[in-house]
Amino acid sequence: MEFFERHKGGERAVLLHVEQRAVDSNEDLSEFRELAHSAGAEVLAESTVNRQTPDPRLFIGKGKAEELAEMVAAHEAELVIVNAQLSPSQERNLEALVKCRVLDRTGLILDIFAQRARSHEGKLQVELAQLNHLSTRLVRGWTHLERQRGGSIGLRGPGETQLEMDRRLLGGRIKQLKERIARVRRQRAEGRKGRQQSDVPTVALVGYTNAGKSTLFNALTVAESFAANQLFATLDTTLRRVEMTPQLTVVFADTVGFIRHLPHELVSAFRSTLEETLEADLLLHVVDAASPERDRQIEDVEAVLEEIGAGKLPMLTVMNKIDRLDDGAVRIDRDATDAPTRVWVSAKESLGLDELREALGERLEPSTVNRRLFIPMADGRLYAMLQGEGGVISEEVDESGWHLEIGLPVARWGQMLKKEPGLADMVLDAPPQAEPEPFEQVLAERDERH
């Protein structure tokens, strides 16, 4: 086995776009270019290769790899970026052949995330994802390590002791990061619990990266979240509380943008952000209406939402950037029941925001729970509590107790059941409700599929 020195960094890059005919959904070349530019790469040249199945050694064929090496030498490139997910051995073998650093799609997105992370939580999550990615790429990467290369005189040594030390250091740091992120998750859970107890609905903005989520978030909340025309412009989750009307207060959550084939380790690392999506009362799916790929992007976002267990949450679609359409006009699309399903807006030009607020108000109207209960005379305290809530619609009383028909907001009824568990036994007509799957279970099932 040939050992080589890891090549130093650099921004002068050659892009290698791999089209796999065996895969139905190939990565889009223009999106690949945008990812490279978002990372700050200076693109010198591009190469495209069709590959039926990945080569186990180089991912691409030997002839194409040699052409790539010649291209790198001709342009004096310092980096090759491959639009595919390479195994550690494929990455090392390509580096040895092209004589410069090789970065795959996952590494590229991780680099962008490292640049974008601003909050303490975001930096922790990025570092965890980077270390998990790096832990598989330590083997035979440094020529300075002492190795057991044979039994000849002068070649005997203690083996790859430095490599083992690096693995232990990485393992210790990964454990420490997981503990810190767990503390952040507990803090977020406490914040969500407080919002739920105060009956404040949460609206999570989701969508394809660069669809205009942060611009719309700023327009709705008068916040100053960073927004730019680039992929993954914002990474950290931002929460803002907004009084939409005197009767309706909403917490908006701006989340990380999705992308086609979001790397699995990133989904696992960014649990806190994804939990904000899972716990939302309504998803605001922001779509770039002017993008020629908007239908595909909608499908990709819905696929990711389904994968993380948020596919069945209520959703309102926002068709953004109508100022770039020839026939763009503000409007609300409704379904057969007259409920709003799509709102056409331009967040940048502040067009359609009133219509969007109107649609949000309709979708977030507090839903009520109607129940028939029997309260025994011995539980007069519960009867008084229900009367105090003002939710008693009708009542009949006899010597055994009170027969009530009540109507309460869903959130308030849930709080009362938690505070008074015995109240559930007094309900005469409660429909069975399935418990939502825990987030950890959703991730575990996702791991099995991969």
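Note that numbering that gives the first Met the number 0 has the sequence shown beginning at 0, numbered continuously upward.
Here a beta-carbon is modelled for each residue, glycine too, at the ideal position from N, C-alpha and C.
What you are looking at is a predicted structure, and each value in this text was computed from that prediction instead of being measured.
| Asked | Found |
| --- | --- |
| Going by DSSP in three states, Arg136 sits in which element: helix, strand or coil? | coil |
| Does DSSP put Thr52 in a helix, a strand or coil? | coil |
| Please classify Gly170: is it buried, with 16 or more other beta-carbons within 10 angstroms of its beta-carbon, or exposed? | exposed |
| Val71 lies in the alpha helix (DSSP H); which residues open and close that run? | 61-74 |
| Hey, how far is the Cα of Ala21 from the Cα of Thr316? | With a pLDDT of 46 at Ala21, under the threshold of 50, the modelled position of that residue is not reliable, and the figure given next carries that caveat. One C-alpha to the other measures close to 33 angstroms. |
| Please report the straight-line C-alpha distance between Asp51 and Ile59, rounded to a whole angstrom. | Note on residue identity: the sequence assigns Gln, not Asp, to residue 51. Going from the Cα of Gln51 to the Cα of Ile59 covers about 10 angstroms. |
| Mind checking which residues open and close the alpha helix (DSSP H) that includes Thr220? | 212-220 |
| Does DSSP put Val81 in a helix, a strand or coil? | strand |
| Give the C-beta separation of Phe216 and Phe251 to the nearest angstrom, bearing in mind that I take them to be a contact with Cβ-Cβ under 8 angstroms. | 6 angstroms |
| Based on the DSSP secondary-structure assignment, which residues constitute the bridge partners of Phe112? | DSSP, once it has assigned bridges, lists no residue as partnering Phe112. |
| In the DSSP assignment, find the beta strand (DSSP E) that holds Asp332 and state where it starts and stops. | 330-333 |
| For the putative contact between Gln339 and Glu361, defined by C-beta atoms under 8 angstroms, what is the C-beta separation to the nearest angstrom? | The sequence as given places Pro at residue 339; Gln does not occur at that position. About 6 angstroms separates the two Cβ atoms, so the contact holds. |
| Quick check: the stretch 84-91 against the stretch 121-140, are there 3 or more CB pairs under 8 angstroms? | yes |
| Return yes when the Cβ of Arg293 is within less than 7 angstroms of the Cβ of Asp287, no when it is not. | yes |
| Let me confirm a value: Gly351 is counted as buried when at least 16 other C-beta atoms fall within 10 Å, else exposed. Which label applies? | buried |
| Is Arg32 closer than 7 angstroms to Glu77 when the C-beta atoms are compared? | no |
| Roughly how many angstroms lie between the CA atoms of Val101 and Glu94, to the nearest whole one? | 6 angstroms |
| What are the boundary residues of the beta strand (DSSP E) that Arg323 is part of? | Note, Arg323: premise wrong, no beta strand (DSSP E); not H, not E. |
| What is the residue span of the alpha helix (DSSP H) that Ala303 lies within? | The sequence shown places Val at residue 303, not Ala. 293-306 is the extent of the alpha helix (DSSP H) around Val303. |
| With DSSP as the reference, please indicate the residues paired to Asn454 in a beta bridge. | Given a span of 0 to 449 for the chain in the structure shown, any question on residue 454 remains unanswerable. |
| Considering only residues of the same chain and omitting the five flanking positions on each side of Leu176, which have a CB-CB separation below 8 angstroms? | Leu123, Glu126, Leu127, Leu130 |
| What are the boundary residues of the beta strand (DSSP E) that Asp253 is part of? | 247-253 |
| Is it buried or exposed for Gln114, if we count other Cβ within 10 angstroms and need 16 for buried? | exposed |
| If you compare alpha carbons, which of Leu363, Arg323, Met314, Ala302 is closest to Arg341? | Met314 |
| Near Leu57, which residues of its chain fall below 8 angstroms by C-beta distance, leaving aside the five closest residues on each side in sequence? | Ala64, Gln89, Asn92, Leu93, Leu96 |
| Note down the Cα distance separating Lys61 from Val17, rounded to an integer number of angstroms. | 14 angstroms |
| By Cβ distance, which residues of its chain are closer than 6 angstroms to Thr248, with the 5 residues on each side in sequence left out? | Val199, Glu242 |
| My guess is that Val81 and Leu15 are in contact by the Cβ rule of under 8 angstroms, so how many angstroms apart are they, rounded? | 5 angstroms |
| In this structure, how does DSSP classify Arg11 when only helix, strand and coil are distinguished? | strand |
| Just checking my contact of Val285 with Gly211 at CB under 8 angstroms: how many whole Å lie between their CB atoms? | 6 angstroms |
| Give a yes or no on whether the C-beta atoms belonging to Asp110 and Ala38 are separated by under 7 angstroms. | yes |
| Rounded to a whole number of angstroms, what is the C-alpha to C-alpha distance between Gln296 and Gly379? | 56 angstroms |
| For His132, which residues from the same chain have a beta carbon less than 8 angstroms from its beta carbon, with the 5 sequence-adjacent residues on both sides left out? | Thr105, Gly106, Leu109, Glu264 |
| Cβ atoms of Trp412 and Val368: under 7 angstroms apart, would you say? | yes |
| Kindly give me the distance between the Cβ atoms of Ser349 and Asn319, rounded to whole angstroms, as I take these residues to be in contact under 8 angstroms. | About 12 angstroms; that fails the 8 angstroms criterion. |
| Once DSSP output is grouped into helix, strand and coil, what is the label at Val286? | strand |
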